[in-house]
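Chains as they are written, first to last, in our numbering: chain A, 143 to 267; chain B, 143 to 267; chain C, 143 to 267; chain D, 143 to 267; chain E, 143 to 267; chain F, 143 to 267.
Working notes, structure below.
6 protein chains.
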Amino acid sequence: MNTPETTGARVLRELMGPEHLERRKKTRNAFNAALQDYSEEVCFGRIWARGGIDRKLRSVVNIATLVALNRPNQLAHHIDGALNNGCTVEEIQEMLLQTAVYSGLPAASDAFRIAEEVLRARGLL
Amino acid sequence: MNTPETTGARVLRELMGPEHLERRKKTRNAFNAALQDYSEEVCFGRIWARGGIDRKLRSVVNIATLVALNRPNQLAHHIDGALNNGCTVEEIQEMLLQTAVYSGLPAASDAFRIAEEVLRARGLL
Amino acid sequence: MNTPETTGARVLRELMGPEHLERRKKTRNAFNAALQDYSEEVCFGRIWARGGIDRKLRSVVNIATLVALNRPNQLAHHIDGALNNGCTVEEIQEMLLQTAVYSGLPAASDAFRIAEEVLRARGLL
Amino acid sequence: MNTPETTGARVLRELMGPEHLERRKKTRNAFNAALQDYSEEVCFGRIWARGGIDRKLRSVVNIATLVALNRPNQLAHHIDGALNNGCTVEEIQEMLLQTAVYSGLPAASDAFRIAEEVLRARGLL
Amino acid sequence: MNTPETTGARVLRELMGPEHLERRKKTRNAFNAALQDYSEEVCFGRIWARGGIDRKLRSVVNIATLVALNRPNQLAHHIDGALNNGCTVEEIQEMLLQTAVYSGLPAASDAFRIAEEVLRARGLL
Amino acid sequence: MNTPETTGARVLRELMGPEHLERRKKTRNAFNAALQDYSEEVCFGRIWARGGIDRKLRSVVNIATLVALNRPNQLAHHIDGALNNGCTVEEIQEMLLQTAVYSGLPAASDAFRIAEEVLRARGLL
Chain A
143 MNTPETTGAR VLRELMGPEH LERRKKTRNA FNAALQDYSE EVCFGRIWAR GGIDRKLRSV
203 VNIATLVALN RPNQLAHHID GALNNGCTVE EIQEMLLQTA VYSGLPAASD AFRIAEEVLR
263 ARGLL
Chain B
143 MNTPETTGAR VLRELMGPEH LERRKKTRNA FNAALQDYSE EVCFGRIWAR GGIDRKLRSV
203 VNIATLVALN RPNQLAHHID GALNNGCTVE EIQEMLLQTA VYSGLPAASD AFRIAEEVLR
263 ARGLL
Chain C
143 MNTPETTGAR VLRELMGPEH LERRKKTRNA FNAALQDYSE EVCFGRIWAR GGIDRKLRSV
203 VNIATLVALN RPNQLAHHID GALNNGCTVE EIQEMLLQTA VYSGLPAASD AFRIAEEVLR
263 ARGLL
Chain D
143 MNTPETTGAR VLRELMGPEH LERRKKTRNA FNAALQDYSE EVCFGRIWAR GGIDRKLRSV
203 VNIATLVALN RPNQLAHHID GALNNGCTVE EIQEMLLQTA VYSGLPAASD AFRIAEEVLR
263 ARGLL
Chain E
143 MNTPETTGAR VLRELMGPEH LERRKKTRNA FNAALQDYSE EVCFGRIWAR GGIDRKLRSV
203 VNIATLVALN RPNQLAHHID GALNNGCTVE EIQEMLLQTA VYSGLPAASD AFRIAEEVLR
263 ARGLL
Chain F
143 MNTPETTGAR VLRELMGPEH LERRKKTRNA FNAALQDYSE EVCFGRIWAR GGIDRKLRSV
203 VNIATLVALN RPNQLAHHID GALNNGCTVE EIQEMLLQTA VYSGLPAASD AFRIAEEVLR
263 ARGLL
């Protein structure tokens, strides 16, 4: 018998796709379990599950944040998520171009390279 | 005879209001003139003036970026601008709450304090 | 009739003192309520309430983090909390001196100034 | 005849193990020699050699700092050093989990991945 | 018939060499074209093309900035550019050593490793 | 009888002026003494005292670094120091303008404001 899906797991699945959720389960171990639970319950179950702004806007917040924070691994995931959430390629291009002004050109250059990899993997470039 | 308004000055006026533009002019001096021109021509005339995403989305990009970059002066301006661009108080609240997960709770706490000041100055809190 | 104290409120009271909790309640409003709940339930109720390391070690983690993140408001609170958690003045001095090597001298200089204010307010300097 | 070991070299050897010291010597060249001396004499000979807090606490300061500063190479070394200094796997897990709240989830996610690699290399995961 | 070289392309070619410009053209695509134009026109055509300080000093500004911002890809390019602009290996060594004090030892350690790769590729180490 | 001036104190005096050194002495206390010694001996006595690049170039490194690191207190000191080291107002303006491209416009805007205060205090604006 399956345990019912948590809110966080549902949001994460809708955002990143079922394969992402499967990969997470396979990398779960005694060391990272508490972080995976935190991510699922706090990040996705508590914050992403809220109303107030739609998921596309949440993706925009994350992309801008991750460019500024210099976190390429998470940025790739959230560009993927943004495309799943209805962002177009042109919208992602515009957001990243705007980060050149505020987070600086080196941040934007790295972000474009990461976005190109995500777009190529999806056949969008 | 007045010189015609530049694209950047127009966008800046629409985003931040005519008083903001007046204050900028008054603080202009020999030292900061090149930066004011850069801001008007590159930031507002070249990037903010582009299509592709609407101004509300550009405000969202900036708020998330400025929280992550720890730049309270600019964050206050762009929360103000976001309200001018059609963001609601609830939307700003949701964005800032989301930064607690990604940029961390100290970043979000500082951002809420700054936002509260902007909202109070506009009679929205 | 009082509602029973939550785990997070209890940890926060033990860490920062009852006056801190009172000040928080007074600044609570419709805009920041969701962040205060997040802080109380996630930060203090979920993470600080865990075992595994004692609270003094959690204070050390926070002080080092807040120096690196450049968040003076929170750093002042957590230096206060560290003293409540059993850190000595000498231990705080040593930690902050070590941040000069890793986070850089400007970060450490700002941190010492903040710590001196906290120590003076407590009559420890 | 050998030159006597400096204080910094001794502390570095005790913290990171003799193999680490050997690797350092092999990578020493005309360009990086001044940095290696700075590291040995200032970081390890002057700061790590101080009393006031024990080495385990110094490792905690460093892990929290390096997560916040986004420096994966050094973080891996200092997780290794923390285990040599008497930190348990559970303590490292708790510290890193706490960074999710303060430095943000992307910082903690990257840090867990780095820690897992260190733990696997030591047969601890 | 060729279009005449823009100011930005000329500065970029003089700074990074003609091969760098060729590589840029080959990686240009519909997604990154706007960023490449921004870089060429704003960064190189508008800022690097200015007088006031010589190019060597501009390289120094960039190296220090990119160490602090933790952007290794761009740092490698600008160490290369600095050598083209007349910086000596010893000058780069001194600048990077100084970043150990201000940006912290982990930043300087990463920067030295990147600089060593650039120097080796040019046969200077 | 006076103790002879250390190398670090001499460099610091030459860079920041004798009044700066006097102010430092007056703020020295049991808590910050170890940091003041670290600053004098490591930062000024060991690094700034080196040859290889002249002091003006060291000031340039620091200004770019402090803009990127978001450390206004130290930035003000080092803009002052740069003027003492022979940087002209125009050179400082150019450097700060360049940081708009790399560290981003918000960083440059804050830096210009700080520089204007320093220049006004010296009667240069």
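Cβ atoms here follow ideal geometry from the backbone N, Cα and C, with glycine treated the same way.
In this text the structure is predicted, and so the values were computed from the model without any measurement.
Scanning its chain for C-beta atoms nearer than 6 Å, with the 5 sequence neighbours on each side dropped, one finds around N227(A) the residues R197, K198 and S201, in chain order. The Cβ of E258(F) sits closer than 8 Å to at least one Cβ of chain B. For the pair F173(E) and E236(A), the CB atoms are not nearer than the 8 Å cut-off.
Non-local beta-carbon contacts of I256(A) in its own chain, meaning distances under 8 Å to residues more than five positions away in sequence, involve P214, L217, A218 and I221 in chain order. Neighbours of C185(A) in chain D, taken as residues at a C-beta separation under 7 Å, are given in chain order as L247. Closer than 8 Å to the CB of N204(A) there is at least one CB belonging to chain B. Taking the Cβ atoms as the reference, R264(C) lies roughly 18 Å from L208(C), outside the contact range of under 8 Å. Counting only residues of its own chain and dropping the five nearest sequence neighbours on each side, A151(C) has a CB closer than 7 Å to the CB of L163 and E182. Under the Cβ criterion of 8 Å, V209(E) is not counted among the residues facing chain C.
Chain E places a beta carbon closer than 8 Å to that of S251(A), counting this residue as a contact.
When the alpha-carbon of L261(D) is set against those of G246(D), I234(D), L247(D) and S251(D), the nearest one is in I234(D).
Annotation: R165(B) to R166(D) spans about 56 Å, alpha carbon to alpha carbon. With a cutoff of 8 Å on beta-carbon distance, V153(E) and G194(E) are scored as not near each other. Note that the C-beta distance between V243(D) and G246(B) is below 8 Å. Put simply, the CB of A263(E) is far from chain A, with every gap to its CB atoms at 8 Å or more. C-alpha of W190(F) to C-alpha of A176(E): approximately 42 Å in a straight line. Per the coordinates, the alpha-carbon of N212(F) lies some 32 Å from the alpha-carbon of Q178(A). In the three-state scheme derived from DSSP, where H, G and I count as helix and E and B as strand, A172(F) is classed as coil. Taking 8 Å as the threshold, the shortest C-beta distance from A218(E) to chain D does not fall below it. Look at T241(F): its C-beta is under 8 Å from a C-beta on chain E. Using a Cβ distance threshold of 8 Å, A249(C) and A210(C) count as a contacting pair.
Per DSSP, reduced to three states, the secondary structure at E147(E) is coil, with no helix or strand assignment. Against chain F, the CB of Y244(A) has a partner CB under 8 Å away; the residue lies at that interface. If you draw a straight line from the Cα of T145(A) to the Cα of R155(A), it is about 16 Å long. Chain order gives the chain E residues near G194(F) as E232, E233, Q235 and E236, where near means a beta carbon separation below 8 Å.
Assigned with DSSP and collapsed to three states, C229(A) falls in coil, not helix or strand.
The three-state reading of DSSP puts R166(D) in helix, counting H, G and I together.
CA-to-CA, the gap between Y180(F) and N171(C) works out to about 45 Å. Buried is the label assigned to T241(F), since at least 16 other Cβ atoms lie within 10 Å of its Cβ. In terms of CA proximity to T148(F), C185(F) leads the group E161(F), T169(F) and C185(F).
Interface residue (Cβ-Cβ distance to chain B less than 8 Å): I189(A) is classified as such. E161(E) and V203(A) have their C-alpha atoms roughly 37 Å apart. Approximately 6 Å separates the beta-carbon atoms of L238(D) and F254(D); this is inside 8 Å, confirming the contact. Runs of the alpha helix (DSSP H) lying entirely within the stretch 191 to 262 of chain E, each at least 4 residues long, are 197 to 211, 214 to 226 and 231 to 244 in chain order.
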